[in-house]
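Colleague: Here you go, one structure.
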Amino acid sequence: MSQAKVPAGLDRKEAEIYLRLDPERLPQHIAIIMDGNGRWAHRRHLPRIAGHRAGVASVRSTVETAARVGIPAVTLYAFSEENWKKRPATEVGFLMTLLCRYLKQEVPTLDRNNIRLEYIGRQHELPPQVRERMQWAREATAKNTGMVLTLALNYSARSELVDAFNSLVKAAASNGGIDHLLVDEDSIARNLYTRHLPDPDLVIRTSGEMRLSNFLLWQLAYAEIYVTPTLWPDFRGQHLLEAIAEYQKRERRYGGLVNPHHGNGAVTHNNGKH
Ligand code: FPP
């Protein structure tokens, strides 16, 4: 076990887990459904917002560790379109304030880790002061060339597909009409909010729920799913590395057959049969 292999900045526990990983087979994009803030607060007899506040430290630790070990892209489900309608206005307001504060405070940390910030979701429906702060943070980190951190804000996978189909139809209409409508997997993927990203290899959901909750439904078609009982405010970089270790034990098939001669992870393609 050579210490030289451990990236700078990992703590002892993270370094221990990292040394069990194969650095050649890291997931290229990890999507995370951050869940359990309310339950975390409830267990401590605190208001729900205390859980969200505590969740910011989890975001910081997870994002920094991902960047340190060289994950190219992380996408966090911070706020769904449904959250607007189904949560009390005071909680929604608090989440917006927390986001603005996070963006202001974290830009130096993002810079230090060479992280570029992006967003997915219907941004035009967010309050103007939130949009301004988002734009500022995106521009402030635009020069960074390392990990891409994408925040899903006011995001819904179904709305994303609706928006993608509408932009395909619009493009066809302004380019000679319906005969020029080209709908295939590539044209849809090019019109998704995630056109700047590869599909996630791994999706993590905290707090034990077994749902995708309208998150990246198209892009997660072949992702490995990792559900942990850990509540989001208790999640740290070491938990991310544990999820990656579990991912590396899985055998990915993409609809193909397992090739018995190549051991774990090897796949032979079967022309699209699942
Ligand atoms: C789910 O917990 C969490 C959210 C809806 C919000 C996530 C927000 C943060 C982690 C903090 C801010 C984020 C950023 C990017 C700065 P829940 O309230 O649904 O928990 P419950 O299911 O236990 O009620």
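If you read the sequence shown in the numbering used here, its first letter stands for residue 66, the second for the next number, and so on. Here a beta-carbon is modelled for each residue, glycine too, at the ideal position from N, C-alpha and C.
1. Distance check for histidine 110 and lysine 208, CA to CA, integer angstroms please.
2. According to DSSP, is serine 224 helix, strand or coil?
3. Nearest CA to the CA of alanine 143: which residue from Val227, Ile95, Glu307, Asn219?
4. Please determine whether the Cβ atom of leucine 111 lies at a distance below 7 Å from any heavy atom of ligand 1.
5. How many whole angstroms separate the CB atoms of glutamine 93 and alanine 138, which I take to be in contact at a CB cut-off of 8 Å?
6. Report yes if the C-beta distance between aspartate 87 and glutamine 284 is below 8 Å; otherwise report no.
7. Here's a check: name, in chain order, each residue in its chain whose Cβ is nearer than 8 Å to the Cβ of leucine 91, leaving out the five neighbours to either side.
8. Check whether the Cβ atoms of threonine 140 and alanine 205 sit closer than 8 Å, and answer yes or no.
9. In this structure, does DSSP put isoleucine 95 in helix, strand or coil?
10. Return the bridge partner residues of arginine 270 from the DSSP annotation.
11. So what's glutamate 25 in DSSP terms, helix, strand or just coil?
12. Compute the Euclidean distance between the alpha carbons of alanine 286 and methionine 212, then round it to the nearest angstrom.
13. Taking three-plus beta-carbon pairs below 8 Å as touching, is the stretch 243 to 259 in contact with the stretch 267 to 280?
14. Going by beta carbon distance, what residues of the same chain come within less than 6 Å of leucine 282, once the five residues before and after it are set aside?
15. Less than 7 Å between the CB of asparagine 102 and some heavy atom of ligand 1, yes or no?
16. Verify whether the separation of the beta carbon atoms of methionine 99 and glycine 116 is less than 8 Å.
17. Take histidine 107 as the anchor and find which of Glu147, Asn256, Glu307, Leu296 has the nearest alpha-carbon.
18. Helix, strand or coil, according to DSSP, for leucine 322 in the structure here?
19. Examine ligand 1 and report whether any of its heavy atoms sits within less than 7 Å of the Cβ of tryptophan 149.
20. Please report the distance separating the alpha-carbon of isoleucine 97 from that of leucine 306.
21. Just tell me which of His189, Ala202, Arg113 has its CA closest to the CA of tyrosine 167.
22. Using a Cβ-based criterion (distance less than 7 Å to any ligand heavy atom), does phenylalanine 230 qualify as near ligand 1?
23. Report the partner residues of phenylalanine 144 according to the DSSP bridge assignment.
24. Give the secondary structure of alanine 138 by DSSP, where H, G and I count as helix, E and B as strand, and everything else as coil.
25. Would asparagine 178 pass as a contact of threonine 210 if the rule is Cβ separation under 8 Å?
26. Beta-carbon within less than 6 Å of aspartate 299's beta-carbon, same chain only, minus the 5 sequence neighbours each way: which residues are those?
Modeller: Straight from the coordinates:
1. So the two alpha carbons sit approximately 43 Å from each other.
2. If DSSP states are grouped into helix, strand and coil, serine 224 belongs with the helices.
3. Checked all of Val227, Ile95, Glu307, Asn219; the closest Cα to alanine 143 is Asn219.
4. It does not: the Cβ of leucine 111 is nowhere closer than 7 Å to a heavy atom of ligand 1.
5. About 7 Å separates the beta carbon of glutamine 93 from that of alanine 138, a gap short enough to meet the 8 Å contact definition.
6. Using a Cβ distance threshold of 8 Å, aspartate 87 and glutamine 284 do not count as a contacting pair.
7. Around leucine 91: Val134, Gly135, Ile136, Ile309.
8. Cβ atoms of threonine 140 and alanine 205: not closer than 8 Å.
9. In the structure shown, isoleucine 95 sits in a strand (DSSP, three-state: E or B).
10. For arginine 270, DSSP records a beta bridge to Ile98, Val292.
11. Absent from the structure is residue 25, since the part of the chain shown begins at 66 and ends at 339.
12. When rounded, the distance between both Cα atoms is 22 Å.
13. No, the stretch 243 to 259 is not in contact with the stretch 267 to 280.
14. Within the same chain, and ignoring the five residues on either side of leucine 282 in sequence, the residues whose Cβ sits closer than 6 Å to its Cβ are Ala222.
15. True, at least one ligand heavy atom lies under 7 Å from that Cβ.
16. The Cβ atoms of methionine 99 and glycine 116 do not sit closer than 8 Å to each other.
17. From the listed residues Glu147, Asn256, Glu307, Leu296, the smallest Cα separation to histidine 107 is found for Leu296.
18. Of the three classes helix, strand and coil, the one that applies to leucine 322 here is strand, per DSSP.
19. For ligand 1, no non-hydrogen atom lies closer than 7 Å to the CB of tryptophan 149.
20. For isoleucine 97 and leucine 306, the distance between alpha carbons rounds to 13 Å.
21. Comparing Cα positions, the closest option is Ala202.
22. The answer is no for phenylalanine 230.
23. Assignment of beta-bridge partners to phenylalanine 144 by DSSP yields Leu218.
24. DSSP places alanine 138 in strand when its eight states are reduced to three.
25. In terms of Cβ geometry, asparagine 178 and threonine 210 do not form a close pair [threshold 8 Å].
26. Excluding sequence neighbours, aspartate 299 sits near nothing in its chain.
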